[in-house]
Each structure stands twice: as C-alpha cells, then as structure tokens.
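Written below as structure tokens is the structure these notes are about.
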Amino acid sequence: MMMTHKVIAECSVSKAGAGIMSLCHSDVETPVFMPVGTNGTLKGVLPDQLIDLDCKILLSNTYHLGLRPGIDILEKPGGLHKFMA
Numbered sequence: 003m004m005m006t007h008k009v010i011a012e013c014s015v016s017k018a019g020a021g022i023m024s025l026c027h028s029d030v031e032t033p034v035f036m037p038v039g040t041n042g043t044l045k046g047v048l049p050d051q052l053i054d055l056d057c058k059i060l061l062s063n064t065y066h067l068g069l070r071p072g073i074d075i076l077e078k079p080g081g082l083h084k085f086m087a
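Each number in the numbering used here corresponds to the 1-based position in the sequence shown with 2 added.
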C-alpha cells in the first residue's frame, strides 16, 4: 500500500493544515507528535508515556538501523515493529 495524505482543513491566513496520513499499518492525523527512534530505541520517552500520548507513529532512520543493531538482528523477531515491541 502506498502512503497517502489527505488535507481535511486549512487556515486561510497561515495556510497551516490538518490532515490524515494513511500508512500500511494505520491512519495518522496530522499534525502529529512523532518521537525519533534513530537506532530503534527512544531516548527521553518511556513506553508508558507513548501509550498515554496515544502515539501513532515513530520516526526511525533505516541507515542507522542497518549499522546498528543491523539487518540480521532486526529480521530475527520479524522486523522493526516486533523488534521494538
């Protein structure tokens, strides 16, 4: 499935917008708080806090994940989602 983004509202003055980004795993309302997990881990945010925040998306860098922990480590549990669970 391809990622899509649908604008659902836009400010006529600032042009700021709200929308829905459709991903293969779920839909995410934008704008959104997106924590960064460069190496497949989050720093400064606890898993319970992500649940409290109703976090729908994390940003991970595939280049860094390939270096550490490495593709072999990520493939063992079945991919990044299961590795981080």
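Note that CB positions come from ideal geometry on N, CA and C, so glycine has one too. Everything numeric in this text was worked out from a predicted model, so none of it was measured.
Three-state secondary structure (DSSP) of residue i
i	result
Asp56	coil
Met86	helix
Nearest-angstrom beta carbon gap, residue j and residue i [assumed within contact, 8 Å]
i	j	result
Ile59	Met36	5 Å
Leu76	Leu67	6 Å
Report the residue ranges of all beta strand (DSSP E) runs contained in full by the region 7-78; include only those spanning at least 3 residues, in chain order.
-> 19-24 and 29-32
Sufficient close CB pairs (3 or more, under 8 Å) joining the region 8-22 to the region 40-52 = no
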